[in-house]
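Numbering (the numbering used here), first residue to last: -18 to 73.
Next up, the structure:
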């Protein structure tokens, strides 16, 4: 087991975001455009029908990194530190 103690310097906090999921569905329809030379009008008509469903999940990982002396550390978790904080860590 190693033991580290000292003041935090070069503190950084990151949040990694991962979004995954699916979208499933179908849309069917007709859309038409025509131009009438006789009346000088553009006519747009059409119809659509369908459905779309899906599910997404977003996860967040909070990571902090900092130095104590000549050693660098990276911890997984939403820790609240700042440069100059006195800290003690041990490895398992």
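Think of the CB as a built atom: it goes at the ideal place given N, C-alpha and C, for glycine as much as any other residue.
In DSSP terms, what residue i is bridged to
i, result
"residue 57", "44"
"residue 70", "-15"
"residue -8", "For residue -8, which the question treats as bridged, DSSP gives no partner whatsoever."
For residue i, the nearest candidate out of the options (CA to CA)
i, options, result
"residue 47", "40, -4, 0 and 64", "64"
"residue -12", "72, 60, 1 and 51", "51"
"residue 41", "-4, -8 and 62", "-4"
"residue 31", "-1, 60 and 9", "9"
"residue 66", "72, 49, 58 and 53", "49"
"residue -9", "72, 59, 55 and 71", "55"
"residue 37", "-6, -14, 0 and 69", "0"
"residue 35", "-18, -17 and 6", "6"
"residue 33", "4, 60 and -15", "4"
Residue i - DSSP class collapsed to helix/strand/coil
i, result
"residue 32", "strand"
"residue 2", "strand"
"residue 63", "coil"
"residue 7", "strand"
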